[in-house]
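Visitor: Provided herewith is a single structure, encoded as structure tokens, for subsequent inquiry.
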Amino acid sequence: NAGVTQTPKFQVLKTGQSMTLQCAQDMNHNSMYWYRQDPGMGLRLIYYSASEGTTDKGEVPNGYNVSRLNKREFSLRLESAAPSQTSVYFCASSEPGLGTEAFFGQGTRLTVV
Amino acid sequence: GQQLNQSPQSMFIQEGEDVSMNCTSSSIFNTWLWYKQDPGEGPVLLIALYKAGELTSNGRLTAQFGITRKDSFLNISASIPSDVGIYFCAGQIDNAGNMLTFGGGTRLMVKP
């Protein structure tokens, strides 16, 4: 049972470098999300995709872009990494509807130096 | 945007103790959820609450959806070492995006 798979698990970037975080889910969910987790701040929504072909900004979208490549895959891109983007990034997926469970990947720990 | 205030931020537990944590918000939510995160893992859903006043149990866990729809608590009875981790409350409003707003988390640690 793969669930939600994120790659890579760890990454170190230099300021100004770009990279793409990959996420894939095998549960046929319509909705997918990218969150970042910082100490004491819980998880904050960066971008989400309510369904294939749509993407919307969340609470903290600046400095990021996303692509919903197909129903399974939702990628997060940092065009020019900054130290403030050092964080743990989580991808999640769910079915639409109140109270439906969001399944999370294991996270990508990103350090920008 | 909405904010969830979760307390306490951290607490030490001794095996067998009961634990209580809560979340409050300035906004109304239609659903409250409680997640647990183990080290190196993503959060996993523990309990979902759908109606104001609802009290739901899952084994040693009990959670309630506040009457005002602006708060929720989670109790863990007779704690065991594997209860250690970070617990998050999350609120959900009725929109097409199905987005969750998370509290800052409560970190449970074991007393030495």
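For the protein sequence lines, the chains are A and B, in the order given.
Quick note on numbering: this note's numbering labels position 9 of the first sequence as 51, and the sequence is numbered without any gaps.
Quick note on numbering: this note's numbering labels position 6 of the second sequence as 12, and the sequence is numbered without any gaps.
Note that the Cβ used here is the ideal one computed from N, Cα and C, for glycine as well.
(1) Quick check: what's the CA-CA separation for residue 17 of chain B versus residue 112 of chain A?
(2) Verify the CB distance criterion: does residue 53 of chain A have a CB-CB separation below 7 Å to chain B?
(3) Thinking just about the alpha-carbon of each residue, which of B:63, B:11, B:34 is nearest to the one in residue 138 of chain B?
(4) Please determine, among A:82, A:155, A:152, the residue with the shortest C-alpha to C-alpha distance to residue 111 of chain B.
(5) To the nearest whole angstrom, what separates the beta carbons of residue 136 of chain A and residue 142 of chain A, a pair I think is in contact under 8 Å?
(6) In angstroms, rounded to a whole number, what distance separates the CA positions of residue 66 of chain A and residue 108 of chain A?
(7) Which bits of chain B does residue 115 of chain A rub up against, with CB to CB less than 8 Å?
(8) Within a Cβ cutoff of 7 Å, which residues of the same chain sit near residue 129 of chain A, ignoring the five residues on either side of it in sequence?
(9) Mind checking the region 114-145 of chain A against chain B and listing, in chain order, the residues whose C-beta falls within less than 9 Å of any C-beta there?
(10) Take residue 33 of chain B as the anchor and find which of B:81, B:24, B:75 has the nearest alpha-carbon.
(11) Could you give the DSSP three-state label for residue 89 of chain B: helix, strand or coil?
(12) Reducing DSSP to helix, strand and coil, say where residue 126 of chain A ends up.
(13) Which runs of the beta strand (DSSP E) fall wholly inside the region 38-69 of chain B and span at least 3 residues, in chain order?
(14) With DSSP run on the structure shown, which of helix, strand or coil describes residue 114 of chain B?
(15) May I have the straight-line CA-CA distance separating residue 83 of chain B from residue 150 of chain A, to the nearest angstrom?
(16) Here's a check: name, in chain order, each residue in its chain whose Cβ is nearer than 6 Å to the Cβ of residue 85 of chain A, leaving out the five neighbours to either side.
Guide: Reading off the structure:
(1) Here residue 17 of chain B refers to the residue found at position 11 of the second sequence. Here residue 112 of chain A refers to the residue found at position 70 of the first sequence. Answer to the nearest angstrom: the Cα atoms are 42 Å apart.
(2) Here residue 53 of chain A refers to the residue found at position 11 when the first sequence is read from its first residue. Not an interface residue.
(3) No answer is possible for residue 138 of chain B: it lies beyond the span of chain B, which begins at 7 and ends at 118.
(4) Sequence index remark: in the second sequence, residue 111 of chain B carries index 105 (1-based). Closest option to residue 111 of chain B, Cα to Cα, is A:82.
(5) By 1-based counting over the first sequence, the position of residue 136 of chain A is 94. By 1-based counting over the first sequence, the position of residue 142 of chain A is 100. Yes, they are in contact, since the Cβ atoms of residue 136 of chain A and residue 142 of chain A sit about 5 Å apart, within 8 Å.
(6) Along the first sequence, one-based indexing puts residue 66 of chain A at 24. Along the first sequence, one-based indexing puts residue 108 of chain A at 66. Distance between the alpha carbons of residue 66 of chain A and residue 108 of chain A is about 13 Å.
(7) Position 73 of the first sequence, counting from 1, holds the residue named residue 115 of chain A. None at all; the shortest Cβ gap to chain B is about 17 Å.
(8) Counting from 1 along the first sequence, the entry for residue 129 of chain A is found at position 87. Closer than 7 Å at Cβ, skipping near neighbours: 78, 79, 80, 152.
(9) 132, 133, 134, 136, 137, 138, 139, 140, 141, 142, 143, 144, 145
(10) Position 27 of the second sequence, counting from 1, holds the residue named residue 33 of chain B. Cα-wise, what sits closest to residue 33 of chain B is B:75.
(11) Taking the first residue of the second sequence as 1, we reach residue 89 of chain B at position 83. Note: residue 89 of chain B maps to helix in three-state DSSP.
(12) Translated into positions along the first sequence, residue 126 of chain A becomes position 84. Note: residue 126 of chain A maps to helix in three-state DSSP.
(13) 50-55, 61-64
(14) Locating residue 114 of chain B in the second sequence gives position 108, where the first residue counts as 1. Reduced to three states, the DSSP call for residue 114 of chain B is strand.
(15) Counted from its first residue, the second sequence places residue 83 of chain B at position 77. Counted from its first residue, the first sequence places residue 150 of chain A at position 108. Cα-Cα distance, rounded: 33 Å.
(16) Position 43 of the first sequence, counted from the start, is the residue given in the question as residue 85 of chain A. Closer than 6 Å at the Cβ level, and outside the excluded window around residue 85 of chain A, lie 77, 79.
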